[in-house]
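A.B. asks:
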Amino acid sequence: MFFLMRTACCRVFLYPFLGKMTEVWAELSAYEGEFDLEKENCILISSGKNWMEQAAKDQLLAVSRLPGVVKAVGLPDLHPGRIPVGTAVLSRGVLYPHLLGNDIGCGMSLFDTGVKKKKFKQEKWVSRLEAVRELEDIPFSNPYEEECPIRDLGTLGGGNHFAEFQCVERIYDQEAAGSLGLCADRILLLVHCGSRGYGQEILSRFWVPEGLADGSEQAEAYMAEHDRALRWAVRNRRAAAQKLLAWLGGASEPELLMDSCHNYLERTKDGLLHRKGSVSASKGAVVIPGSRGSLTYVCIPREDTAVSLNSLSHGAGRKWARSICKSRIDQKYDRDSIRCTGLKSRVVCHDTNLLFAEAPEAYKNVEQVMGVLQEYGQRIGGSL
DNA sequence: ATGTAC
Numbered sequence: 001m002f003f004l005m006r007t008a009c010c011r012v013f014l015y016p017f018l019g020k021m022t023e024v025w026a027e028l029s030a031y032e033g034e035f036d037l038e039k040e041n042c043i044l045i046s047s048g049k050n051w052m053e054q055a056a057k058d059q060l061l062a063v064s065r066l067p068g069v070v071k072a073v074g075l076p077d078l079h080p081g082r083i084p085v086g087t088a089v090l091s092r093g094v095l096y097p098h099l100l101g102n103d104i105g106c107g108m109s110l111f112d113t114g115v116k117k118k119k120f121k122q123e124k125w126v127s128r129l130e131a132v133r134e135l136e137d138i139p140f141s142n143p144y145e146e147e148c149p150i151r152d153l154g155t156l157g158g159g160n161h162f163a164e165f166q167c168v169e170r171i172y173d174q175e176a177a178g179s180l181g182l183c184a185d186r187i188l189l190l191v192h193c194g195s196r197g198y199g200q201e202i203l204s205r206f207w208v209p210e211g212l213a214d215g216s217e218q219a220e221a222y223m224a225e226h227d228r229a230l231r232w233a234v235r236n237r238r239a240a241a242q243k244l245l246a247w248l249g250g251a252s253e254p255e256l257l258m259d260s261c262h263n264y265l266e267r268t269k270d271g272l273l274h275r276k277g278s279v280s281a282s283k284g285a286v287v288i289p290g291s292r293g294s295l296t297y298v299c300i301p302r303e304d305t306a307v308s309l310n311s312l313s314h315g316a317g318r319k320w321a322r323s324i325c326k327s328r329i330d331q332k333y334d335r336d337s338i339r340c341t342g343l344k345s346r347v348v349c350h351d352t353n354l355l356f357a358e359a360p361e362a363y364k365n366v367e368q369v370m371g372v373l374q375e376y377g378q379r380i381g382g383s384l
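The first sequence begins at 1 in full-length UniProt numbering and counts up one residue at a time.
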């Protein structure tokens, strides 16, 4: 299990608005001549400055051509995966379990720890966390009146999952910050994880290359399990926060300020909306974190986001494949320096490969991604 | 991203 703790000096911005996404701004020049953009159902929200791997664009295009797919959107953090990450895909008649992947319900929960900023002792918390090693080692009993399908409730898992203590760096809109319950003098806790092995197990049971016919018994059974995974993923994030605070001696319960899911299927009036690494722009404020060396943004999306299937990026997005990270930056760090960040935060993680795989260098610049989301509207205006 | 096998 990967347990990454970024302590102190991480900051939350409150962005007043995201750009008004009102026109298709495609950056698919690589495909010039290959298809007529006007007739394609594939949109990439990016800009010339926003570097994107060719493989990711190829994957997005392939997804957009699956039977039943009405529209496929790539967000500015799009990067290749088994299926491309940073996508929103609308289909009719067919449901594709693999388009949302194995970690069904994965998302971000932002909590107020109730701990005052001036009471925060970084070194003390770091030692305490290093002593426990893994969240699996902190016992937690299921408080819900439903059998828990997750083997270890309140654990983060691996990959890009993390728990991070943060505090507000800058507020752009005091009123909005107040209504969201963001307090500048408090330590916040951002938890990114999902349904662990449960989502994986669901995918393995329902995955078929041709997808599931909407309305079929299989599709209904998948949706029931999917909804259960979403429910338990939220509980898993909460349980992780509860365990952490209890372990660190926090007196109060973590208070949930915001929660968003970025791997899930939503039934909309237009069809089945598959989100893989993209978050809804229609459910209030969203948290968009960067890599562990950068800031996290709390954003209030604008209303007119139909062009991106009402979706936003869920983070900075990978720039380097996990497998190549260690060899690229191995020499740059020693045992201690890889565990510190440019924001003077500390990283607690016992898995060396994971520390390198999730290094800030492996990620895009989150400000770049935020810039595309914001600029997208500024340069366009008008209505869709 | 995951659990398990190598």
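In this text, a Cβ means the ideal position worked out from N, Cα and C, and glycines have one as well. Values in this document were obtained by computation on a predicted structure and should not be read as measured data.
(1) Should A362 and R318 be called a contact, given that it needs their Cβ atoms to be closer than 9 Å?
(2) Would you kindly work out how many angstroms separate the C-alpha atoms of L129 and L257, rounded to a whole number?
(3) Measuring CB to CB, does L44 end up less than 9 Å from A213?
(4) Tell me whether T87 sits in a helix, a strand or coil according to DSSP, three-state version.
(5) Whole-angstrom Cβ separation of V287 and L312, contact assumed at under 8 Å?
(6) By the DSSP assignment, the beta strand (DSSP E) with F206 in it spans what residues?
(7) Compare the Cα-Cα distances from G101 to each of R205, R231, Y333 and report the closest residue.
(8) Quick check: what's the CA-CA separation for R335 versus R328?
(9) What number of angstroms, rounded off, separates the C-alpha of K124 from the C-alpha of D351?
(10) Taking the alpha helix (DSSP H) that L245 falls in, what are its first and last residues?
(11) What does the Cβ neighbour count give for Y222, buried or exposed, with the cut at 16 atoms within 10 Å?
(12) Which word fits N41, buried or exposed, when buried means at least 16 other C-beta atoms lie within 10 angstroms of its C-beta?
(13) Less than 6 Å between C-beta atoms, sequence neighbours within five positions excluded: which residues of the same chain meet that for R186?
(14) Which residues share a DSSP beta bridge with Q166?
(15) Would you kindly check if the distance between the Cβ of G68 and the Cβ of G211 is under 9 Å?
(16) Should L230 and S195 be called a contact, given that it needs their Cβ atoms to be closer than 9 Å?
(17) Are the beta-carbon atoms belonging to L61 and L309 less than 9 Å from one another?
(18) Could you tell me the alpha carbon to alpha carbon distance between S127 and R238, rounded to whole angstroms?
C.D. replies: Looking at the coordinates:
(1) Against a cut-off of 9 Å, the Cβ pair of R318 and A362 comes out as a contact.
(2) Straight-line measurement puts the Cα of L257 at about 24 Å from the Cα of L129.
(3) It is not a contact, given that the beta carbons lie outside the stated cut-off.
(4) Residue state, collapsed to three classes: strand.
(5) By a beta-carbon distance limit of 8 Å, V287 does not contact L312. Their separation comes to about 11 Å.
(6) DSSP places F206 in no beta strand (DSSP E) but in the uninterrupted alpha helix (DSSP H) bounded by 197-206.
(7) The shortest C-alpha separation from G101 is found at R205.
(8) Cα to Cα, R335 sits roughly 16 Å from R328.
(9) Cα to Cα, K124 sits roughly 21 Å from D351.
(10) 217-247 is the span of the alpha helix (DSSP H), which, as asked, contains L245.
(11) Y222 comes out buried.
(12) In summary, N41 is exposed, with fewer than 16 beta-carbon neighbours lying within 10 Å of its beta-carbon over all protein chains present.
(13) Same-chain partners within the cutoff: D112.
(14) Partner residues in the beta bridge of Q166, as assigned by DSSP, are L188.
(15) Contact flag set, yes.
(16) The answer is yes: Cβ separation under 9 Å.
(17) Result no, Cβ atoms of L61 and L309 do not sit closer than 9 Å.
(18) Cα-Cα distance, rounded: 23 Å.
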